[in-house]
Structures are given as C-alpha cells and as structure tokens.
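Down below is the structure, laid out as structure tokens.
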Amino acid sequence: MLNNTANVHNLKVGDEWPVLRKKPIDEVQLVRYAGASGDFNPLHYVESLAQKAGFNKLIAQGMLVMGFVGQAVSGWIPNKFLRRLRVRFVNVTYLGDTISVVGKIIEMREEGQEVVVTSEVKAIDQNGEEKITGLFEAVLLK
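Be aware that the sequence shown starts at 1, since it is given in my numbering, and climbs by one per residue.
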C-alpha cells in the first residue's frame, strides 16, 4: 500500500492507494449536502417518497459519493497533477451506508519527461457493493 505522497520513483503497477473510509451516511449529512449543492430532490430526505419510488429507504445524492471519490483522489495525487477523472454511477447509495474509496495503479507509461499514471478508483459500501467505478490519470515528472 502506498503512502499519501505520489512520487514516480516509488510507484508501480498493482500498487494500491490508501483506503478512504467515511462514516455512515446520516440524515444530517444528506440535508447539509442538499443545502450546499442545491439538490433538494425529496428522495434524499422524505422517506415515504423514496419508498414510493421503489427504494428501501432514503438515498444519498450521487454527487455526495462522487465528492468522497474526489476527496480520496486529491489525497492521493495533488490536484495540479490530475489530468483526468472519469466515473460511472453503478448503484444507489442508501442512508446508513458506510462508503470506502479504494484505488489501484493499473498502468504507467512514459510521455517525454513525464510519466502518466492510470489508476482505477471505486466507491464501495460496507458490503463491498460498488457505488461508483472509474479511472483517473495523473501526470508526474520523472
């Protein structure tokens, strides 16, 4: 497992980034995120409507979970080195889920005086269910 200092000389394909573990998602977090983001969809704070829409309980905003991914990636790689971050939302995140963000280096290639490091990234819940999957590329100097 890598530490939080990305240096091209101590990275290799297969290395795993440190896991970011979040506390369980609670109602206060959903309401605060709604206020910060402007996402006031009642599926995030009115349980009866969430159930009517086919969900077991309140669902977290997808971009809240994406924020966790961004927090992890920016902890692993300084933002100035981040070239690309692409993700897919693959499953709903529910109230009470505990999200962990994991990542692993899958490719390193040289481009002139730089090394492009490609890593997979995933947000998973306490049961290992993937919520977000994706890739990011960082450009580091040799």
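Positions of the beta carbon are idealized from the N, C-alpha and C atoms, including for glycine.
According to DSSP, is residue i helix, strand or coil?
{"i": "Glu27", "result": "helix"}
{"i": "Ala53", "result": "coil"}
{"i": "Val73", "result": "helix"}
{"i": "Leu64", "result": "helix"}
{"i": "Glu129", "result": "coil"}
{"i": "Phe40", "result": "coil"}
{"i": "Tyr45", "result": "coil"}
{"i": "Val144", "result": "Any answer about residue 144 is impossible in this case: the structure gives the chain only from 1 up to 142."}
{"i": "Val8", "result": "helix"}
{"i": "Lys80", "result": "helix"}
{"i": "Gly103", "result": "strand"}
{"i": "Gly35", "result": "helix"}
{"i": "Lys122", "result": "strand"}
Look at residue i and residue j and say whether their C-beta atoms are less than 8 Å apart.
{"i": "Lys122", "j": "Tyr94", "result": "no"}
{"i": "Ile25", "j": "Val87", "result": "no"}
{"i": "Arg32", "j": "Ser100", "result": "no"}
{"i": "Val115", "j": "Val8", "result": "yes"}
{"i": "Leu49", "j": "Ile59", "result": "no"}
{"i": "Glu107", "j": "Val13", "result": "yes"}
{"i": "Leu11", "j": "Ile105", "result": "yes"}
{"i": "Gln71", "j": "Thr98", "result": "no"}
Output the distance between the C-alpha atoms of residue i and residue j, rounded to the nearest integer angstrom.
{"i": "Gln113", "j": "Gly103", "result": "25 Å"}
{"i": "Glu120", "j": "Lys142", "result": "21 Å"}
{"i": "Asn91", "j": "Val117", "result": "27 Å"}
{"i": "Gly134", "j": "Val46", "result": "30 Å"}
{"i": "Ile124", "j": "Leu30", "result": "18 Å"}
{"i": "Glu137", "j": "Leu64", "result": "22 Å"}
{"i": "Glu130", "j": "Asp15", "result": "20 Å"}
{"i": "Glu110", "j": "Gln51", "result": "51 Å"}
{"i": "Leu41", "j": "Val19", "result": "Note that residue 41 is Asn in the sequence shown here, rather than Leu. Taking the straight line from one Cα to the other gives about 30 Å."}
Assuming the contact rule is C-beta atoms closer than 8 Å, residue i and residue j should be a hit. Round their C-beta distance to whole Å, please.
{"i": "Gly62", "j": "Phe89", "result": "5 Å"}
Task: Three or more C-beta pairs below 8 Å linking the region 71-88 and the region 33-40 - done: no
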